[in-house]
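Protein chains in written order, with our numbering: chain A, 1485 to 1799; chain B, 1485 to 1799. Even for Gly, the Cβ is constructed at its ideal location relative to N, Cα and C. Predicted model, so just to flag it, every value in this text is computed and none were measured. Before any comments, here is the structure.
2 protein chains.
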Amino acid sequence: MEQRVTRAATELGYEPHFIAQSLRKGNTGTLGFLVADMSNPVFADIVRGAEDFARTKGYAVMLANSEGNEGLDAEHLRLFLRRRVDGIIVSTVGSGSEEVGRELANPNIRYVVIDRDVPPDLKVSGIMGDHATGMREATMHLINRGHRSIALISGPESLRPVRERARGFREAFATAGLKPRKDLIRLGSLRPEYGRDETANLLSLAQPPTAIVAGGNRLLAGVLEAIHTLGLEVGRQLALVSCDDVDLTRLYRPAISVVVRDTYKMGQLAADYLIDQLINPQAPIQNALVPTRFVARASSDFQWPRTSRAEVSRA
Amino acid sequence: MEQRVTRAATELGYEPHFIAQSLRKGNTGTLGFLVADMSNPVFADIVRGAEDFARTKGYAVMLANSEGNEGLDAEHLRLFLRRRVDGIIVSTVGSGSEEVGRELANPNIRYVVIDRDVPPDLKVSGIMGDHATGMREATMHLINRGHRSIALISGPESLRPVRERARGFREAFATAGLKPRKDLIRLGSLRPEYGRDETANLLSLAQPPTAIVAGGNRLLAGVLEAIHTLGLEVGRQLALVSCDDVDLTRLYRPAISVVVRDTYKMGQLAADYLIDQLINPQAPIQNALVPTRFVARASSDFQWPRTSRAEVSRA
Chain A
1485 MEQRVTRAAT
1495 ELGYEPHFIA
1505 QSLRKGNTGT
1515 LGFLVADMSN
1525 PVFADIVRGA
1535 EDFARTKGYA
1545 VMLANSEGNE
1555 GLDAEHLRLF
1565 LRRRVDGIIV
1575 STVGSGSEEV
1585 GRELANPNIR
1595 YVVIDRDVPP
1605 DLKVSGIMGD
1615 HATGMREATM
1625 HLINRGHRSI
1635 ALISGPESLR
1645 PVRERARGFR
1655 EAFATAGLKP
1665 RKDLIRLGSL
1675 RPEYGRDETA
1685 NLLSLAQPPT
1695 AIVAGGNRLL
1705 AGVLEAIHTL
1715 GLEVGRQLAL
1725 VSCDDVDLTR
1735 LYRPAISVVV
1745 RDTYKMGQLA
1755 ADYLIDQLIN
1765 PQAPIQNALV
1775 PTRFVARASS
1785 DFQWPRTSRA
1795 EVSRA
Chain B
1485 MEQRVTRAAT
1495 ELGYEPHFIA
1505 QSLRKGNTGT
1515 LGFLVADMSN
1525 PVFADIVRGA
1535 EDFARTKGYA
1545 VMLANSEGNE
1555 GLDAEHLRLF
1565 LRRRVDGIIV
1575 STVGSGSEEV
1585 GRELANPNIR
1595 YVVIDRDVPP
1605 DLKVSGIMGD
1615 HATGMREATM
1625 HLINRGHRSI
1635 ALISGPESLR
1645 PVRERARGFR
1655 EAFATAGLKP
1665 RKDLIRLGSL
1675 RPEYGRDETA
1685 NLLSLAQPPT
1695 AIVAGGNRLL
1705 AGVLEAIHTL
1715 GLEVGRQLAL
1725 VSCDDVDLTR
1735 LYRPAISVVV
1745 RDTYKMGQLA
1755 ADYLIDQLIN
1765 PQAPIQNALV
1775 PTRFVARASS
1785 DFQWPRTSRA
1795 EVSRA
């Protein structure tokens, strides 16, 4: 049978060596990685972690970029299947459409999901960030610095990271015996434009927030844009916290406080779990909860309200 | 013949529809895109341009990321060939190793190269940035603002964008009847660490530069890090110019002057030229030169030396 396929394929101009090898080994040495949005610098780290690990095991990684367009998720999963990858690391744009759910139920291919809900009946491993813990610490920090009117801007709660961040945010208030102002919680989209528009709206309220939490690193660009347009100074007239440490948060002056996670590690684990199941189809489903923690910087690390004597550290 | 392959493949568990379709049409509707370094935010735009255009023509794009590791370039090109893409958009890490050259000479697949030298005997289309023009404008701007000790930090001159930037830099001095200080030109690597180390070194010279040009947007992060460590203030004690407009350059305070190019357009053109050749194998080789221009911002848009009266605009 193998010879028949190989011979026929050769006559049609296919690469006989590769086809013969795939048929024999039953694998192609290739993993797919569905990237929700390549514009998000966090993915560069996750992908690098996955690629570095996969390479040590003899696998190459191919990527498809949904660029924030939920409609492309299922299409790209099918593209990987047609290009015959052995397994797929999945970070979808959306919270998992029916179409994506059907693909993930395909028993002929292995998946590992990053930071998205997986229906419990699907036997799919997952790498989840513990976003609630870091966000609880961040919110507690703002409460301890004297803030009561704290805004949270993030995506829709159907997305696991957003839901977890909102949970941590609310839990910090509950722990302090306080209630967050509901009118300051804006959970609609992770896009920069949403961050910009909601920040402009929040800061024009009769009682504007004294601190803003950007629950998503792409959002942050829009939040800063709106703050600059209004001429407000971060770390002096307004406290600011973001999620995930990127060039912008590290190098902005004042440096921006962030909830961090080990994104490289998430990629490593995803490739590790996936290859484990490819080598040993009987391997159990694995789930990892990757920790997050809060790093306080000058954008929020000052007492509110400022007294006239309080001097700003611009470090 | 087609039936024989399809039947044999089906019995082995392949997707008959897809295989039959590929054999019939002789194409797979898939393009490969070799990305030099996904950590560089510029690639998100180039890829988006290519994907958006390809989609309108019924093609999907798969990516492979060399992550700044030149050794992976040729390996990823072979990966695409094995996964049977119809054509490949190529942005290599290096200036074109022999190994990559051999791949590009493969007559069985079409390539379009982005911003890398192509040996003239290869029939490969190219999308090139006109980096010299924007850099000449940027350098002239710094000279006109009173700077004479201007540093240029960038990658090796074997890379086309670097060579063109260095050419523009030197031409501006020649036009002004001046000579650049050779000890301030550092052309070694595009990595952030190189930007950091060279900036620290330059600013510790007995006669340090009064302006720095970061010839690469990943570099810029390192340049800023070194400037912060030394406690210098951009736009006041030092002028700064960078290449390519990213979140960091737009949102840093003071905003950072940049040489910009239409990166989305470069991706669009690359996909356009490639698909053109796939549809019509007799189509001629095409070359595009994509313009660059200089955008002056507060990081450099002030007279040097400052008089004590000169006030800084922090906008």
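Sequence-distant residues of the same chain with beta carbon closer than 6 angstroms to residue i, five excluded per side
| i | result |
| --- | --- |
| A1705/B | P1676 |
| G1552/B | D1521, V1577 |
| S1783/A | V1718, G1719, L1724, P1738, I1740, S1741 |
| V1584/A | D1557, A1558, T1576 |
| A1635/A | L1668, L1686, P1693, I1696 |
| T1733/A | S1726, I1740, V1742 |
| R1680/B | G1706, E1709, A1710 |
| T1747/B | V1526, D1529, I1530 |
Cα-Cα separation, residue i to residue j
| i | j | result |
| --- | --- | --- |
| P1645/A | V1531/B | 26 angstroms |
| L1668/A | S1673/B | 45 angstroms |
| V1596/B | Q1721/B | 44 angstroms |
| L1626/B | P1775/B | 20 angstroms |
| I1763/B | Y1543/B | 12 angstroms |
| Y1678/A | L1703/A | 7 angstroms |
| R1508/A | R1568/A | Summary for R1508/A: the model assigns pLDDT 44, below 50, so the residue's position carries little reliability; its value from the coordinates is reported in the next sentence. One C-alpha to the other measures close to 14 angstroms. |
| V1707/A | S1575/A | 25 angstroms |
| E1621/B | H1615/B | 10 angstroms |
| V1545/A | R1586/B | 22 angstroms |
| A1658/B | T1623/B | 11 angstroms |
| Q1770/B | V1602/A | 47 angstroms |
| R1670/B | S1579/B | 18 angstroms |
| L1735/B | G1613/A | 28 angstroms |
| D1731/B | I1598/A | 25 angstroms |
| I1759/B | G1516/B | 12 angstroms |
| D1728/B | R1745/B | 7 angstroms |
| R1600/A | E1641/A | 12 angstroms |
| A1698/A | M1619/A | 11 angstroms |
| V1519/A | I1573/A | 9 angstroms |
| D1785/A | V1779/A | 10 angstroms |
| F1653/B | S1633/A | 50 angstroms |
| V1608/A | N1524/A | 25 angstroms |
| G1571/A | I1593/A | 6 angstroms |
| A1650/A | L1716/A | 26 angstroms |
| L1561/B | P1789/B | 51 angstroms |
| E1554/A | E1582/A | 12 angstroms |
| S1550/B | D1605/A | 37 angstroms |
| L1689/A | R1777/B | 40 angstroms |
Close Cβ partners of residue i (< 8 angstroms) along its chain, the five nearest in sequence each way excluded
| i | result |
| --- | --- |
| N1590/A | L1565 |
| A1538/B | L1515, A1544, V1545, A1755, I1759 |
| Y1757/A | V1596, S1609, I1611, Q1770, A1772 |
| A1534/A | L1515, F1517, V1545, I1573, G1751, Q1752, A1754, A1755 |
Own chain, CB closer than 7 angstroms to residue i, minus 5 neighbours either side, in chain order
| i | result |
| --- | --- |
| E1499/B | Low local confidence applies: a pLDDT of 49 at E1499/B is under 50, so the model's placement there is unreliable, and no value is given. |
| S1506/B | Confidence is the limiting factor: at S1506/B the pLDDT is only 47, short of 50, which leaves the residue's position unreliable, though a coordinate-based value still follows. T1512. |
| I1711/A | T1683, V1718, L1722 |
| L1563/A | A1548 |
| E1648/B | H1615, A1616 |
| G1700/A | S1638, G1639, L1674, C1727 |
| A1767/B | D1760, Q1761 |
| S1797/B | Bear in mind that the predicted position of S1797/B carries a pLDDT of just 45, short of 50, making it unreliable; the figure below should be weighed with that in mind. Same-chain partners within the cutoff: A1782. |
| L1714/B | L1687 |
| L1643/A | S1579 |
Chain C residues whose Cβ lies nearer than 7 angstroms to that of residue i
| i | result |
| --- | --- |
| A1528/B | Included in the structure are the protein chains A and B, with no chain C among them. |
List in chain order: all unbroken beta strand (DSSP E) runs of 3+ residues lying wholly within the segment 1590-1665 of chain B.
-> 1594-1598, 1609-1613, 1634-1638
Inter-stretch contact (C-beta, 8 angstroms, three-pair minimum) for the segment 1655-1664 of chain B and the segment 1690-1703 of chain B | no
Check whether the segment 1748-1765 of chain A touches the segment 1525-1541 of chain A, taking contact to mean three or more Cβ pairs, one atom from each stretch, closer than 8 angstroms.
-> yes
Interfacial residues, the segment 1733-1761 of chain A to chain B, with Cβ spacing under 9 angstroms | R1734, L1735, Y1736, R1737, A1739
Can you list, in chain order, the residues of the segment 1535-1563 of chain B whose Cβ is nearer than 8 angstroms to any Cβ on chain A?
-> E1535, A1544, V1545, M1546, L1547, A1548, N1549, E1551, E1559, H1560, L1563
Short-range partners of chain B found in the segment 1708-1725 of chain A, where Cβ spacing is below 8 angstroms | L1708, E1709, H1712
Going along the segment 1590-1603 of chain B in order, which residues come within less than 9 angstroms of chain A, judged by CB to CB distance?
-> N1592
Interfacial residues, the segment 1632-1650 of chain A to chain B, with Cβ spacing under 7 angstroms | none
Jot down the residue ranges of each uninterrupted alpha helix (DSSP H) in the segment 1699-1746 of chain A, minimum 4 residues, whole runs only, in chain order.
-> 1701-1713, 1731-1735
Any chance you could list the beta strand (DSSP E) runs of at least 3 consecutive residues sitting entirely within the segment 1537-1568 of chain B, in chain order?
-> 1544-1549
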